[in-house]
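Structure first, commentary second.
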Amino acid sequence: LAFAADYLDLHKFRLNPDAAITLVLSLDSVVFDVSEVTAPIWAAMASAAKLPAPSRELVRRHHHRDPESLMTSIFGWELPPKQLGTFADAFDATLEEALLSSDAQLPVEDGVAELLNMGRRAGMTLAFTSQLTRAQADVILRRTLAERVAAASVCRDDGTTRQRLLELAVRLRRPPIMTGVFVDTPEEVREVRAVGMKAIALGGGASPAHSLSGADQVLPPLPRVTLVDVKRLFDHGDLHKISEAAGPPLQLVPKEERDPSINRPKRAVATFDGGEGGEGEEGEYEENWRQLYEDEDQGGEGAPRRPRFGFSASRARRLPGAPPEGGDGGGDGKA
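Take the sequence shown: its position 30, counting from 1, is numbered 18 in my numbering, and each next residue is one higher.
Now the structure itself:
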């Protein structure tokens, strides 16, 4: 399997199945409500360009979208492509400046610190995903102190939502089936399940609970979530299936035992038909056993005769001591 861990990890996971679980949290909504910063920026840009200003609730509900998608599909701003790119660059620059304006710790959402501490004590792997750029995501990781427990993080620079999640699985060497992603929008639920990961929807967010029904598990807001709720989602039998699919570990055995072809003889005795009334003759030839695939019945009557086990005598190299061509075995003796 592409995402199966090595065998030392698999043995470790059997002793502590919780260590096989990876929890992925969104920096933009689960860890820190980035709409507190982005909504005022969008409002200011809309006012300057005399465009309809989006509400903070709308910005929060679509935090997983990139700036250009937000402006065209969500805000309904009709802008030329060149101006659209200019607005997106201006938004990213303003957001990064706002995040860097202070070194104070950003307030995390209620229950996030408790969940991270519980997961770390249980031996789970913790990772983060973000729709922001790498520079912006690094600031949030640092100012929320999430970088202290982050095994990996991905952002907009790593591609689409699906590409980011698969990138995490590759970096962490963890199978997607043992990865739970905390989401709060229906679009994220679909993307997470599309890559084979578990979608853990959190209620009480910007999206109504009924729109999150497609998730593998719908939990209450984070302050009421316990580690037992999360672990209930994972069937540790999946881990054993992964172990079996990976096959037995490689063993240090002699090369001859690993490759039976090495013990195959490279010399063979070819018996030629002696023609009418002849008993035939034998000649020793050297040939690689892998090439013994030709059909001995090729050609038909009058065609050059071939060894009975199938390689062409014209391709074989006669060894010392073998009968000369045209020997007295009856017939013309040609091969």
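For every residue, glycine included, the Cβ atom is placed at its ideal position computed from N, Cα and C.
Item to complete: Run the CB neighbour count on Lys186, radius 10 Å, all protein chains shown included, and call it buried at 16 or more, exposed below.
Response: Here residue 186 refers to the residue found at position 198 of the sequence shown. Lys186 should be labelled buried.
Fill in: Own chain partners of Glu45 with C-beta closer than 7 Å, once the 5 adjacent residues on each side are dropped
Locating residue 45 in the sequence shown gives position 57, counting from the first residue. Within the same chain, Glu45 has close Cβ partners Ala194.
Practice prompt. Consult DSSP for Thr148 and reduce its assignment to one of helix, strand or coil.
Written response: Within the sequence shown, the letter at position 160 stands for residue 148. Thr148: coil per DSSP, three-state reduction.
Worksheet item: Is there contact between the stretch 201 to 210 and the stretch 47 to 64, where contact requires at least three CB pairs shorter than 8 Å?
Response: No, they do not touch.
Discussion item. Just verifying my parser: in three-state terms, what is the DSSP assignment at Asp54?
Written reply: By 1-based counting over the sequence shown, the position of residue 54 is 66. Three-state DSSP puts Asp54 in coil, outside helix and strand.
Fill in: Alpha-carbon spacing of Leu83 relative to Asp126, whole angstroms
Against the sequence shown, residue 83 aligns to sequence position 95. Against the sequence shown, residue 126 aligns to sequence position 138. Their Cα atoms are separated by approximately 13 Å.
Practice prompt. Name the residue from Leu154, Val171 and Phe170 whose alpha carbon lies nearest to the alpha carbon of Pro163.
Written response: The sequence position of residue 163 within the sequence shown is 175, counting from 1. Checking every option, the nearest Cα to that of Pro163 belongs to Leu154.
Worksheet entry | First through last residue of the beta strand (DSSP E) which encompasses Ala189 | As a position in the sequence shown, residue 189 is number 201, starting the count at 1. Lys186 to Leu190 is the extent of the beta strand (DSSP E) around Ala189.
Worksheet entry | Buried versus exposed call for Glu66 [16 or more other C-beta atoms within 10 Å across all chains shown] | Here residue 66 refers to the residue found at position 78 of the sequence shown. It is exposed - the Cβ of Glu66 has fewer than 16 other Cβ atoms within 10 Å.
Practice prompt. Using the DSSP secondary-structure output, state which residues sit across from Thr113 in a beta bridge.
Written response: The sequence position of residue 113 within the sequence shown is 125, counting from 1. Thr113 is bridged to Thr10.
Item to complete: Determine which residues share a DSSP beta bridge with Gln205 and list them.
Response: Here the question's residue 205 lines up with position 217 in the sequence shown. Its beta-bridge partners are Ile188.
Discussion item. Whether or not the stretch 210 to 218 and the stretch 66 to 78 are in contact is what I'm after, with contact meaning three or more pairs of Cβ atoms, one per stretch, closer than 8 Å; do they touch?
Written reply: no
Practice prompt. May I ask which residues mark the beginning and end of the alpha helix (DSSP H) holding Val25?
Written response: As a working mapping, residue 25 is identified with position 37 in the sequence shown. Where Val25 is concerned, the enclosing alpha helix (DSSP H) stretches over Ser23 to Ala36.
Discussion item. Taking its Cβ as the centre, do 16 or more other Cβ atoms sit within 10 Å of Gln119, making it buried, or is it exposed?
Written reply: The residue you call residue 119 lines up with position 131 of the sequence shown. So Gln119 counts as buried.
Worksheet item: Is Ala37 buried or exposed, if buried means 16 or more other CB atoms sit within 10 Å of its CB?
Response: If you number the sequence shown from 1, residue 37 lands on position 49. So Ala37 counts as exposed.
Worksheet entry | Closest Cα partner of Ala98 within the set Val18, Gly184, Ile9 and Ser14 | For the purposes of this step, residue 98 is taken as residue 110 along the sequence shown, with counting starting at 1. In the sequence under discussion, the amino acid at residue 98 is Asp, which differs from the Ala named in the question. Closest by alpha carbon: Val18.
Worksheet item: Roughly how many whole angstroms lie between the Cα atoms of Arg159 and Thr132?
Response: By one-based count along the sequence shown, residue 159 stands at place 171. By one-based count along the sequence shown, residue 132 stands at place 144. Within the model, the alpha-carbon separation for Arg159 versus Thr132 is close to 23 Å.
Practice prompt. List in chain order: all unbroken beta strand (DSSP E) runs of 3+ residues lying wholly within the stretch 59 to 120.
Written response: Entirely contained in the stretch 59 to 120, the beta strand (DSSP E) runs reaching 3 residues are, in chain order, 113 to 117.
Practice prompt. Using three-state DSSP, classify Ser43 as helix, strand or coil.
Written response: The count along the sequence shown starts at 1 and reaches residue 43 at position 55. Three-state result, Ser43: coil.
Fill in: Proximal residues to Arg345 (C-beta, below 7 Å), its chain only, five neighbours per side dropped
This structure does not reach residue 345, given that the chain is present from -11 up to 323, and the question cannot be answered.
Fill in: When Leu87, Arg136, Trp30 and Phe79 are compared against Arg108, the one with the closest alpha-carbon
In the sequence shown, residue 108 corresponds to position 120, counting from 1. Checking every option, the nearest Cα to that of Arg108 belongs to Arg136.
Practice prompt. Give me whichever residues DSSP pairs with Ala142 in a beta bridge.
Written response: On the sequence shown, position 154 is the one that residue 142 refers to. In the sequence as presented, Ala is not what sits at residue 142; that position holds Val. Beta-bridge pairing links Val142 to Thr117.
Discussion item. Going by beta-carbon coordinates alone, are Leu25 and Ala123 separated by less than 9 Å?
Written reply: The residue you call residue 25 lines up with position 37 of the sequence shown. The residue you call residue 123 lines up with position 135 of the sequence shown. Contrary to the premise, residue 25 reads as Val rather than Leu in this sequence. For the 9 Å CB-CB criterion, Val25 and Ala123 do not form a contact.
Item to complete: Quickly, what does DSSP pair Thr132 with across the bridge? List them, please.
Response: Translated into the one-based positions of the sequence shown, residue 132 becomes position 144. Beta-bridge pairing links Thr132 to no other residue.
Worksheet item: Alpha carbon to alpha carbon, how far is Ser61 from Pro55?
Response: Position 73 of the sequence shown, counted from the first residue, corresponds to residue 61. Position 67 of the sequence shown, counted from the first residue, corresponds to residue 55. Between the alpha carbons of Ser61 and Pro55 lies a distance of about 10 Å.
Discussion item. To the nearest angstrom, how far is the alpha carbon of Leu13 from that of Pro42?
Written reply: In the sequence shown, counting from the first residue as 1, residue 13 sits at position 25. In the sequence shown, counting from the first residue as 1, residue 42 sits at position 54. Leu13 and Pro42: Cα-Cα distance of roughly 26 Å.
Worksheet item: By Cβ distance, which residues of its chain are closer than 7 Å to Val213, with the 5 residues on each side in sequence left out?
Response: In the sequence shown, residue 213 corresponds to position 225, counting from 1. Only Gly99, Leu103 and Leu207 meet the Cβ criterion.
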